[in-house]
Structures are given as structure tokens and as C-alpha cells.
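In terms of UniProt numbering, the sequence shown opens at residue 1 and continues consecutively. Idealized CB from N, CA, C, for every residue including glycine. Treat the numbers as computed from the prediction; the structure is a model and nothing was measured.
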Amino acid sequence: MVFEGLAEKLQSTLQKLKGKGKVSEKDVTEAMREVKMALLEADVNFKVVKDFINKVKERAVGAEVLESLTPGQQIIKIVNEELTALMGTTQSKINFSSKPPTILMLVGLQGAGKTTMGGKLANMFKKQGKRPLLVACDIYRPAAIKQLQIVGGQVDVPVFTLGDKENPVKIANEGIKHALDHGNDFVIIDTAGRLHIDDDLMGELQNIKSNVKPHEILLVVDAMTGQDAVNVAEHFNEKLGIDGVILTKLDGDTRGGAALSVRAVTGKPIKFVGLGEKLNENSIEVFHPDRMASRILG
Ligand code: GDP
């Protein structure tokens with residue numbers, strides 16, 4: 001299960017409060033210390049944890065809560081609400097263009113799961129009645145184009161490529177022309193990644209961005225990398241400007257830190273999560289902050 005360790009710790013801490021008829025300020029402080037430890041162990045950003053704990057404490061020691069009939073439950077409710085707020089409160093939708101095609105640009109480091117996510121998104125939009133086109137702009141990684149073609153084949157979505165000798169900006173532009181000519185109302189551009197963020201990569205992505213003017217730039221990050229994922233998101237947002245984040249590999253043994261910190265640190269919403277290597281509908285979920293909070297708190 002996602003966030004198993006965190007969920008278990010938070011639930012057992014909060015369970016202690018739940019049973020109590022009366023909760024003192026000391027009980028709250030003690031519980032918050034445990035919540036804080038659990039969040040830090042889950043690799044949530046330190047500053048985010050600190051702000052979170054302060055907010056919950058402030059609300060929980062408010063006279064109405066401690067004197068209410070079910071103080072323990074009230075505190076659990078506050079924790080749930082603040083967790084939801086931390087992750088962005090409401091679901092963040094994709095910006096569809098009123099004039100097709102809607103252009104979505106996937107960016108991220110190598111291995112984050114961009115190409116796989118391209119296939120999942122293409123499959124999801126196709127199931128929603130759209131006519132997506134995948135565009136292969138990673139001309140550097142050997143076999144990247146082939147991989148995208150395989151992914152496209154698996155979900156029965158066309159892949160546009162000009163091989164690996166053309167400039168990615170040209171490929172992206174030609175891909176969009178192709179979409180217009182062939183009635184594709186949704187274009188997913190798969191861009192190059194690198195092992196680390198570097199100026200060349202950012203320069204190329206900025207070039208594609210300014211030429212193509214995508215409606216959505218979505219950063220794909222590997223949730224298993226925890227705080228690193230959040231640092232990557234912060235960096236891409238500063239250098240390129242992103243509209244949202246996609247967290248992949250949430251099926252793995254992730255501690256959950258990225259899901260809980262990325263919104264607070266970057267101000268950008270998580271739009272989708274990826275679960276598993278398959279491309280079917282169960283391997284991608286629209287991100288709902290409230291459902292994720294409930295999943296964590298049980
Ligand atoms: P890219 O370099 O960013 O395009 O990354 P890929 O799409 O090639 O993915 C890198 C590796 O991660 C591949 O082996 C994928 O099968 C795997 N992968 C991608 N998404 C997920 C996911 O949500 N869960 C798991 N467990 N593996 C994933």
C-alpha cells in the first residue's frame with residue numbers, strides 16, 4: 001500500500017486521542033510530536049512539516065476543540081483537513097484548449113517515467129473519446145523513440161517522429177501540424193530527460209515551450225526519490241515554469257514525502273499519479289487531495 005509506514009504511525013497516534021473523553025493541551029503537544037516524527041520519517045520537507053504542525057496545533061488547542069464533546073475526533077478532523085490543504089485542497093484539472101489541439105508537454109529527468117506516463121495519458125484521453133497524438137522529441141537517449149513507438153502501439157495511439165537527426169523544436173512544431181492535418185485533438189510531447197538538471201536541457205525545453213506554447217507543461221517526478229523529487233520540481237518550476245506535477249511509482253515502496261511536500265514547496269498542483277508499469281486505466285489516477293488524505297489517515 002502507498003504510504004504504509006506513515007499511515008500506520010499517524011493512525012495509531014490519532015487513535016490514542018480518539019478514545020479520550022478529555023484532551024489536554026499536553027496531549028495535543030505529545031500527539032503532534034509523534035505526527036511530526038512520522039512526517040519527517042516519511043521524508044516530508046522539514047519546513048513543510050513545521051508549518052503543518054503549527055497550523056494543526058493552533059487550531060487544535062483552540063478552546064472550542066478542547067472543550068468539545070469529542071476533542072480527539074475534532075483533532076483528527078483538523079489533521080485530515082490540513083493534510084488535504086497541504087496537497088492542494090481540490091483536484092486540479094487539465095487546461096483544455098478551446099481550439100484543438102490541446103498541447104501537453106511532458107518534462108522530467110531520465111527514468112522518472114515520462115514515456116510510460118505519455119502512454120498512460122494517451123490511453124486515458126483516448127478512452128474519454130479524444131484523439132491523442134504522441135510526439136517523440138527525445139532525440140538523445142538511444143531507443144527513446146522506439147520506446148515511445150512501442151508504448152503508442154500498446155495503447156493504439158499514433159506516434160509522430162522525425163527520427164533523431166532533427167531539432168526537437170522542429171519535431172514538436174511538425175507534430176502539431178500533423179495533428180491539425182489528421183484531426184488529433186490532443187498532442188502529448190515527450191521531451192528529453194537527463195540524469196541531472198543541466199543548462200542544455202533547460203535551454204532546449206525553454207525553446208520548445210516558447211515555440212509551441214503548450215497549454216500544459218507537466219513535470220513527471222519519481223515519488224520514490226522523496227525530497228529529491230521536490231527539489232527537481234522546484235528547479236524545473238523556477239527555470240521553465242510548470243503547470244503541474246505528475247508523481248510516478250506510487251505503487252512502489254514510497255514513503256510519501258513527495259506527495260505531501262511538492263505542492264507546498266512549489267505552489268504547483270499534483271495532477272496525476274502513476275501506479276505501475278502497465279499502461280491500463282488502473283495505472284493512472286487523477287490526484288484528489290482529499291482522497292489521498294483519507295487514504296493516509298484510514
Ligand atoms: P523516462 O526516462 O522518464 O521516459 O522513464 P520511463 O517511462 O522509461 O520509465 C523508467 C522506468 O520506470 C521503466 O522501467 C518504467 O517501466 C518504470 N515506471 C514508470 N512508471 C512507473 C510506475 O508508476 N510504477 C513503477 N513501478 N514503475 C514505473
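Minimum length 4: unbroken alpha helix (DSSP H) runs contained in the stretch 55-79:
63-66
With the cut-off set at 8 Å, would you say residue 217 and residue 105 are in Cβ contact?
yes
Per the contact definition of three or more C-beta pairs closer than 8 Å, is the stretch 175-195 in contact with the stretch 147-163?
yes
Rounded C-beta distance between residue 191 and residue 223? I'm assuming under 8 Å.
Residue 191 to residue 223, Cβ: 20 Å. No contact.
Buried/exposed call for residue 274, threshold 16 Cβ in 10 Å:
buried
Nearer than 7 Å: is that true of the beta carbon of residue 110 relative to any heavy atom of ligand 1?
yes
Closest by CA to residue 310, which one among 44, 40 and 57?
Here the chain comprises residues numbered 1 to 298, so residue 310 is not present and cannot be evaluated.
Contact set for residue 60: own chain, Cβ-Cβ below 7 Å, skip 5 residues either direction
28, 75 and 78
Ordered along the chain, which non-local residues of its own chain (more than five positions away) have a Cβ less than 7 Å from that of residue 53?
32, 35 and 36
Which stretch, first to last residue, makes up the beta strand (DSSP E) that contains residue 244?
244-248
Compute the Euclidean distance between the alpha carbons of residue 211 and residue 270, then round it to the nearest angstrom.
25 Å
Please report the straight-line C-alpha distance between residue 82 and residue 263, rounded to a whole angstrom.
13 Å
If the criterion is Cβ atoms closer than 8 Å, does the pair residue 92 and residue 244 meet it?
yes
To which residues of the same chain is residue 102 closer than 6 Å at the C-beta, ignoring the five residues directly before and after it?
96, 186 and 215
Determine the closest residue to residue 261 out of 293, 240 and 152, with distance taken between C-alpha atoms.
293
Can the beta-carbon of residue 118 be found less than 8 Å from the beta-carbon of residue 151?
yes
Excluding sequence positions up to five away, which residues of its chain have a Cβ less than 7 Å from the Cβ of residue 108?
114, 193, 219, 220 and 221
If you count every other CB in all the chains shown that lies within 10 Å of the CB of residue 268, and 16 or more means buried, which is it?
buried
DSSP three-state label for residue 118, please.
helix
Give every residue of the same chain whose Cβ lies closer than 7 Å to the Cβ of residue 206, excluding the five residues on either side of it in the sequence, and list them in chain order.
240
CA-CA distance, residue 288 and residue 90?
7 Å
Comparing the CB of residue 72 with every heavy atom of ligand 1, is any distance shorter than 7 Å?
no
Assigned exposure category for residue 88 - 16 Cβ within 10 Å defines buried:
buried
Grouping DSSP H, G and I as helix and E and B as strand, with all else coil, what is residue 139?
coil
Could you check the C-alpha separation between residue 43 and residue 131 for me, to the nearest Å?
39 Å
Starting from the C-beta of residue 283, find all residues in its chain whose C-beta is less than 7 Å away, skip the five residues before and the five after it, and write them out in chain order.
120, 274, 275 and 276
Pick out the complete alpha helix (DSSP H) segments inside the stretch 165-224, 4 residues or longer, and give them in chain order.
168-182 and 199-212
Considering only C-alpha positions, which residue in the set 286, 230, 297 and 295 is nearest to residue 112?
230
Leaving out five residues before and five after residue 278 in sequence, what residues of the same chain have Cβ atoms less than 7 Å from its Cβ?
none
Can you determine whether any heavy atom of ligand 1 sits closer than 7 Å to the C-beta of residue 220, and answer yes or no?
yes
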